[in-house]
Amino acid sequence: MSSVYTRQSEPQQRILRMRELTKIVGLSRSTIYEKLNPESRYYDETFPKIVRLGAASVG
Numbered sequence: 126m127s128s129v130y131t132r133q134s135e136p137q138q139r140i141l142r143m144r145e146l147t148k149i150v151g152l153s154r155s156t157i158y159e160k161l162n163p164e165s166r167y168y169d170e171t172f173p174k175i176v177r178l179g180a181a182s183v184g
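Here our numbering runs 125 ahead of the position in the sequence shown, where the first position is 1.
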């Protein structure tokens, strides 16, 4: 007797570099940084946060 195991997979998350992100979302770098800045009037708490990858790089 065989059974088929199916699992619903969660959407894969990946880290995007700024150049790739600006192309995908169609926003400038400065607009993206404004959305990330809690002190900005354009702050968007639902916008994905920056991830530090190393001393000099972020994604």
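All residues carry an ideal CB built from backbone N, CA and C; glycine is no exception.
Closest by CA to residue i, which one among the options?
i, options, result
"Leu-146", "Ser-182, Gln-138, Ile-157", "Ile-157"
"Gln-138", "Ala-180, Val-176, Ser-165", "Val-176"
"Arg-154", "Met-143, Glu-164, Asn-162", "Met-143"
Are residue i and residue j closer than 9 Å when you measure CB to CB?
i, j, result
"Lys-174", "Tyr-168", "no"
For the alpha helix (DSSP H) holding residue i, just list the boundary residues, first then last.
i, result
"Leu-146", "143-150"
"Lys-160", "154-161"
Helix or strand or just coil, what does DSSP make of residue i?
i, result
"Val-176", "coil"
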